[in-house]
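Reading through the structure tokens given below for one structure.
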Amino acid sequence: MGANSWAPVLMRMVSDQILFGVLLSAPVLLAVLVVEVAFEIVSAFTQQLQVYNLEYGLRSVMGIGMALLLLHVAQDEIISQFSAYSRALTRLLENAL
188 MGANSWAPVL
198 MRMVSDQILF
208 GVLLSAPVLL
218 AVLVVEVAFE
228 IVSAFTQQLQ
238 VYNLEYGLRS
248 VMGIGMALLL
258 LHVAQDEIIS
268 QFSAYSRALT
278 RLLENAL
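Counted the way the working numbering counts, the sequence shown spans residues 188 to 284.
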């Protein structure tokens, strides 16, 4: 089996994995962005309050919470995605050898 036949398959698998990673990280980044914007609005209206000390902790808690929620909701999809790629990679390696 030449490089012409397995290289496009491998490139597609890599691009699918990158897309899957972006789709998994997008809700976490959105939650962190919402916390950032909310604290910026609060700090703009109340200069006397030091909200930046709370921001770092709440941003971490919201990010971790969203990641855990996402993993709970998308658990079946994640497992099926990785098992499909494992089977495809196994077939690809068996054909290459």
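Ideal Cβ positions, reconstructed from N, Cα and C, are used throughout, including at glycine. Predicted model, so just to flag it, every value in this text is computed and none were measured.
Going by beta carbon distance, what residues of the same chain come within less than 7 Å of residue i, once the five residues before and after it are set aside?
i, result
"V219", "R246, M249 and G250"
Closest to residue i by CA distance: which of the options is it?
i, options, result
"E227", "P214, L206 and L241", "L241"
"I205", "V222, A231, Q268 and T277", "Q268"
"S202", "L280, N282, Y272 and L279", "Y272"
"E223", "Q234, Q235 and Y239", "Y239"
"I266", "L217, V196, Q237 and F207", "F207"
"V221", "T277, V196, Y243 and P195", "Y243"
Which residues in the same chain as residue i place their Cβ atom closer than 6 Å to its Cβ, once the five residues preceding and following it in sequence are excluded?
i, result
"V215", "G250, M253 and A254"
Rounded C-beta distance between residue i and residue j? I'm assuming under 8 Å.
i, j, result
"M198", "A275", "Contact flag wrong, Cβ pair sits at about 13 Å."
Closer than 8 Å by C-beta to residue i: which residues in its own chain qualify, once you throw out the five before and the five after it? Chain order, please.
i, result
"L257", "L211, P214 and V215"
| Should the region 253–262 be called in touch with the region 208–218, which here means at least 3 C-beta pairs below 8 Å? | Yes, the region 253–262 is in contact with the region 208–218.
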